[in-house]
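Q:
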Amino acid sequence: MLRKALLEAERRLLKAVGIFILIIISPIMAREWTIMVYMGGDNGMSDQVYADLAEMTAVGSTPQVQIIAQVDNLPSDPNPTTRRYRIEQDTLKLIADLGEKDMADLAVLLDFIRYCRSNYPAEKYCLVLWDHGSGWYPKGLSQASIIYDYTDSDSISVTTGELNLLFTEIRRTLGKKLNLLVFDACLMGEVEIAYEVKEGAEIMVGSEGLIPFDGLPYEPILTGIVTQPELTPKEFAQTIVQNYADYYNFVDVCLAAVDLTQLENLGRELKNLLEYLRGFAQDTIFVTGRNQVQTFPEDNIRPPRSTDEYIDLYDFLSQTKVIAPGQYEPVLSLLDSIIFANQVSGTYYPQAFGLSVWFPDNYLRFKQRALSYLGLGFAQKTGWLEFLNQYYSSDDIKPPMTHLRISEVGSKNNFTVYWDAVYDFSGVTYELTEVTGESEVFSDLANDTNNWHLSASGFTISTHRYFSSPSAFFSGNGNNLNCTLKLKRPVLIPHGGLLSFYLYYNTEENWTGDRFKRDILYLEIATDSVWQTIDSFYGTSPNWTECRYLLNPPLARFGFSYRTDSSVYLPDGGVYIDNIKIIKFGNCRTIVTNYPDTSFNIFNVARDTYRYLVTPTDGFGNKGVVSHFASVLVKNYAEPYSKPNPFFTGCDIICNFPDTAEPKVYIYTLSGELVKDFKFEELERSDDIWRVWWDGKNWRGKEVGSGIYLVLVKGKKFLRLGKIAKVK
Numbered sequence: 001m002l003r004k005a006l007l008e009a010e011r012r013l014l015k016a017v018g019i020f021i022l023i024i025i026s027p028i029m030a031r032e033w034t035i036m037v038y039m040g041g042d043n044g045m046s047d048q049v050y051a052d053l054a055e056m057t058a059v060g061s062t063p064q065v066q067i068i069a070q071v072d073n074l075p076s077d078p079n080p081t082t083r084r085y086r087i088e089q090d091t092l093k094l095i096a097d098l099g100e101k102d103m104a105d106l107a108v109l110l111d112f113i114r115y116c117r118s119n120y121p122a123e124k125y126c127l128v129l130w131d132h133g134s135g136w137y138p139k140g141l142s143q144a145s146i147i148y149d150y151t152d153s154d155s156i157s158v159t160t161g162e163l164n165l166l167f168t169e170i171r172r173t174l175g176k177k178l179n180l181l182v183f184d185a186c187l188m189g190e191v192e193i194a195y196e197v198k199e200g201a202e203i204m205v206g207s208e209g210l211i212p213f214d215g216l217p218y219e220p221i222l223t224g225i226v227t228q229p230e231l232t233p234k235e236f237a238q239t240i241v242q243n244y245a246d247y248y249n250f251v252d253v254c255l256a257a258v259d260l261t262q263l264e265n266l267g268r269e270l271k272n273l274l275e276y277l278r279g280f281a282q283d284t285i286f287v288t289g290r291n292q293v294q295t296f297p298e299d300n301i302r303p304p305r306s307t308d309e310y311i312d313l314y315d316f317l318s319q320t321k322v323i324a325p326g327q328y329e330p331v332l333s334l335l336d337s338i339i340f341a342n343q344v345s346g347t348y349y350p351q352a353f354g355l356s357v358w359f360p361d362n363y364l365r366f367k368q369r370a371l372s373y374l375g376l377g378f379a380q381k382t383g384w385l386e387f388l389n390q391y392y393s394s395d396d397i398k399p400p401m402t403h404l405r406i407s408e409v410g411s412k413n414n415f416t417v418y419w420d421a422v423y424d425f426s427g428v429t430y431e432l433t434e435v436t437g438e439s440e441v442f443s444d445l446a447n448d449t450n451n452w453h454l455s456a457s458g459f460t461i462s463t464h465r466y467f468s469s470p471s472a473f474f475s476g477n478g479n480n481l482n483c484t485l486k487l488k489r490p491v492l493i494p495h496g497g498l499l500s501f502y503l504y505y506n507t508e509e510n511w512t513g514d515r516f517k518r519d520i521l522y523l524e525i526a527t528d529s530v531w532q533t534i535d536s537f538y539g540t541s542p543n544w545t546e547c548r549y550l551l552n553p554p555l556a557r558f559g560f561s562y563r564t565d566s567s568v569y570l571p572d573g574g575v576y577i578d579n580i581k582i583i584k585f586g587n588c589r590t591i592v593t594n595y596p597d598t599s600f601n602i603f604n605v606a607r608d609t610y611r612y613l614v615t616p617t618d619g620f621g622n623k624g625v626v627s628h629f630a631s632v633l634v635k636n637y638a639e640p641y642s643k644p645n646p647f648f649t650g651c652d653i654i655c656n657f658p659d660t661a662e663p664k665v666y667i668y669t670l671s672g673e674l675v676k677d678f679k680f681e682e683l684e685r686s687d688d689i690w691r692v693w694w695d696g697k698n699w700r701g702k703e704v705g706s707g708i709y710l711v712l713v714k715g716k717k718f719l720r721l722g723k724i725a726k727v728k
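Under the UniProt record's numbering, think of the first position of the sequence shown as 1, with each following residue one higher.
1. Hey, out of E55, L613 and R465, whose CA is closest to E88's CA?
2. To the nearest angstrom, how far is the alpha carbon of T660 from that of L710?
3. Helix, strand or coil: how does DSSP classify M56 here?
4. Verify whether the separation of the beta carbon atoms of W33 and P217 is less than 8 Å.
5. Quick one: residues in its chain with C-beta nearer than 6 Å to the C-beta of T590, no 5 flanking neighbours on either side, listed in chain order?
6. Just to confirm before moving on: does the CB-CB distance between L570 and N477 stay below 8 Å?
7. Applying the 10 Å Cβ sphere with the 16-neighbour rule, what's the burial state of L53?
8. Are there three or more Cβ pairs, one per stretch, closer than 8 Å when the segment 654 to 673 is compared with the segment 682 to 696?
9. With DSSP collapsed to three states, give me the class of C116.
10. Alpha carbon to alpha carbon, what distance is there between D283 and N291?
11. For D565, is the classification buried or exposed, using 16 other Cβ atoms within 10 angstroms of its Cβ as the cut-off for buried?
12. A69: which of A96, L499, P78 and E440 sits nearest, CA to CA?
13. Given P400, which residues of its chain have a CB within under 7 Å of its CB, disregarding the five upstream and five downstream residues?
14. Take the Cβ of G326 as the centre, count every other Cβ of all protein chains shown within 10 Å, and call the residue buried at 16 or more, exposed below.
15. Output the distance between the C-alpha atoms of A638 and E438, rounded to the nearest integer angstrom.
16. L263 to Y195, Cα distance in whole Å?
17. Among T232, L313, F442 and L364, whose alpha-carbon lies nearest the alpha-carbon of T512?
18. Just tell me which of T151, S153 and G135 has its CA closest to the CA of S145.
19. Between P554 and the rest of its own chain, which residues show a CB-CB distance below 7 Å, the 5 nearest in sequence each way excluded?
20. Which residues bound the beta strand (DSSP E) around L487?
21. For I211 versus D184, is the C-beta distance shorter than 8 Å?
22. So Y310 packs on L187, CB below 8 Å; how close in whole Å?
23. Within 10 Å of its beta-carbon, does A370 have 16 or more other beta-carbons around it, so buried, or fewer, so exposed?
24. Quick check on S46: buried or exposed, where buried means 16 or more other Cβ atoms within 10 Å of its Cβ?
25. Mapping the DSSP letters down to three states, classify G267 as helix, strand or coil.
26. Whose C-beta lies closer than 7 Å to the C-beta of A379 among residues of the same chain, with five residues either side of it excluded?
27. List the residues that DSSP assigns as beta-bridge partners of Q343.
28. Whose CA, out of F467, F353, L670 and V409, lies closest to the CA of V253?
29. Between the Cα of T347 and the Cα atoms of W358, L355 and P304, which residue gives the shortest distance?
30. Would you call the segment 195 to 205 and the segment 68 to 86 in contact, with 3 or more CB pairs under 8 Å?
31. So, are the CB atoms of residue 746 and A630 less than 8 Å apart?
32. What is the DSSP secondary structure of I520, counted as helix, strand or coil?
33. Using the Cα positions of G497 and T295, report the straight-line distance between them to the nearest angstrom.
34. With a threshold of 6 Å on Cβ separation, who are the neighbours of S541 within its own chain once the five nearest residues in sequence on each side are excluded?
35. Assign I708 to one of two classes, buried (16 or more other C-beta atoms within 10 Å of its C-beta) or exposed (fewer than that).
36. Nearest-angstrom Cα distance between R405 and F366?
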């Protein structure tokens with residue numbers, strides 16, 4: 001009885017303790033929302049920080065909705081440090097002064113997220129990123145993508161993968177995705193941005209266009225959520241979009257909410273559509289659609305123009321779907337589902353449906369930013385760049401140089417040459433070249449003009465810019481130039497060679513609305529007395545670039561011509577050339593051309609040192625520069641083989657042996673019967689290869705049958721055995 005009574009008392013005590021604990025922690029666990037506002041004000045937005053904080057304190061936190069802000073201002077501000085506040089009604093409660101922090105440092109933002117999760121846990125989390133915004137554009141422009149910190153000269157980049165990494169880490173820090181991400185920043189309502197943040201957020205609110213300086217109307221937005229904390233993330237996003245449109249009634253604005261969980265499906269369907277459309281990319285329907293599509297200004301609030309680079313994705317697809325309605329339907333249906341809230345005000349954005357995409361109005365703008373755009377997940381998963389490239393049909397971007405490596409040599413004198421795949425919008429094939437016995441036969445460091453014919457007004461020696469001290473050849477800078485720099489004496493290269501030089505250029509390249517205007521440097525090669533252009537350069541090189549070209553035998557004579565027109569004069573324009581060299585090849589052969597893969601197997605090569613080069617070419621015929629050499633030493637002598645292999649009537653027997661061996665060559669059947677033999681004197685030498693012609697007949701002069709035959713090369717302390725095949 002006593003034991004039973006004790007057990008009953010223990011049960012009641014545990015129940016009471018449990019109820020007490022539940023009462024204590026239930027207010028914490030029942031919190032609906034934590035809203036985290038990350039305000040990067042260490043820039044031209046510094047004063048606006050206080051205006052928006054005042055709007056927030058007009059509402060303040062409640063037991064169900066906690067509003068936490070991390071704020072940074074300019075060094076000249078009365079509050080220059082980074083602070084954390086709990087937003088309370090009519091007051092800011094300072095949680096911590098963190099000192100000066102780089103708000104564009106991902107670790108600083110993640111620490112803010114971690115702090116809010118630990119101290120203000122909730123069922124749902126909303127992050128507001130507050131600052132200037134410019135969409136996906138790379139660093140180095142007038143505005144960065146978002147969160148620009150003047151003190152630390154830093155920003156959160158998009159094209160380098162920084163924004164994507166941030167949201168991957170946010171998911172890890174929270175233990176789940178953000179329920180709602182809000183961009184209080186211009187131009188962040190892009191499909192490219194949505195793709196970068198989808199790993200760390202379920203819903204995104206952003207504007208395709210510019211946001212007025214006053215930003216989001218925080219008082220009505222926060223009033224709505226503290227009044228109805230039970231709102232779902234979608235419902236909260238819808239109220240933000242509606243409050244924004246109401247607040248800016250009669251002002252030209254737009255805002256939308258996007259379901260990021262469906263972005264992968266959108267990417268797949270869009271990829272399928274774009275692959276289908278590449279064959280039609282130059283159809284006039286796309287030109288008309290691009291000219292009439294809704295666009296979004298990037299600089300200030302003004303009427304949209306067709307020259308704006310951001311367009312509405314849904315509007316463009318709607319205007320061009322007549323070309324293949326059935327192919328468009330999956331993408332348009334997904335966009336209808338993904339963009340679940342969208343509001344516009346004013347007259348500028350009548351066809352703004354919620355997600356913009358980058359689509360420059362001309363090829364030059366495309367070319368200037370396309371390589372940066374390639375770093376975006378949207379570009380990599382959908383083929384959007386490839387579609388645009390086909391649309392412009394003006395591709396002059398050369399594939400970049402590739403880099404080679406070679407495997408170890410196998411027992412059969414076999415190895416594999418590997419090279420890095422290089423990306424191009426129109427696909428790439430490769431040419432693999434094999435070289436032996438190379439040597440430098442010409443070098444000019446651009447310290448004088450002794451090796452060159454110069455036009456009367458043209459290239460000079462300049463110390464202003466050079467690759468190797470103290471000087472480089474300079475084209476001059478000005479209008480209507482036609483200057484040349486041509487080699488006086490051709491260089492003998494009996495088996496071909498390689499030309500290399502370093503180049504820096506800053507020349508005019510403009511689009512006038514109907515044509516390109518360019519100042520161009522031409523690389524020219526002389527064949528007999530005729531000069532042929534093999535490459536051209538215009539625009540701006542980011543730095544010194546090495547240019548490398550294969551030269552055909554037997555003579556190398558080349559030169560440069562720089563031609564400008566009568567228009568734009570660039571203050572620091574012109575072309576600089578330095579470190580010009582020619583390498584002569586002992587032997588050179590093309591292994592394969594138009595090859596789509598990035599490795600090639602080499603078998604049974606002769607004893608020698610081999611160097612390999614790869615040249616990429618894209619689908620528009622733009623040839624990239626030649627790679628650097630990759631070398632391999634083959635120490636053993638090759639097995640004998642036939643050319644061709646298999647052969648039909650006769651073949652060359654190819655042998656590889658030391659000079660001292662002076663071998664005979666024997667041909668046997670597989671059963672060991674002698675078919676034919678050749679004396680050493682019958683062999684002919686070509687470099688390190690020996691060959692003898694076999695007419696396919698035995699020693700009696702009778703043609704042998706189809707089959708496998710053994711070839712034995714036997715000499716002084718030397719023996720090699722190989723197999724050849726004859727077919728009829």
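Quick reminder that beta carbons are idealized off the backbone N, C-alpha and C, glycines included.
A: With the structure as the only source:
1. E55
2. Spanning the two alpha carbons is a distance of roughly 23 Å.
3. It is helical.
4. no
5. T433
6. It is a contact, given that the beta carbons lie within the stated cut-off.
7. buried
8. yes
9. C116 sits in a helix when the DSSP states are folded into three classes.
10. 13 Å
11. exposed
12. A96
13. Sequence-distant partners of P400 (beyond 5 residues in either direction) whose C-beta falls short of 7 Å from its own C-beta, in its chain, are V422 and G624.
14. exposed
15. 21 Å
16. 7 Å
17. Here the closest residue by C-alpha is L364.
18. G135
19. Answer for P554: L492, I493 and P494, listed in chain order.
20. N482 to L487
21. yes
22. 7 Å
23. buried
24. Buried, since its Cβ has 16 or more Cβ neighbours within 10 Å.
25. Here G267 sits in helix by DSSP.
26. Y373 and L385
27. Paired residue(s): L255.
28. Per the Cα distances, F353.
29. P304
30. The segment 195 to 205, when compared against the segment 68 to 86, does not touch it at the 8 Å Cβ threshold.
31. Any property of residue 746 remains undetermined from this structure, which presents the chain solely from 1 to 728.
32. strand
33. 51 Å
34. Y504 and Y505
35. The Cβ neighbour count for I708, taken over all protein chains shown within 10 Å, is under 16; the residue is labelled exposed.
36. 33 Å
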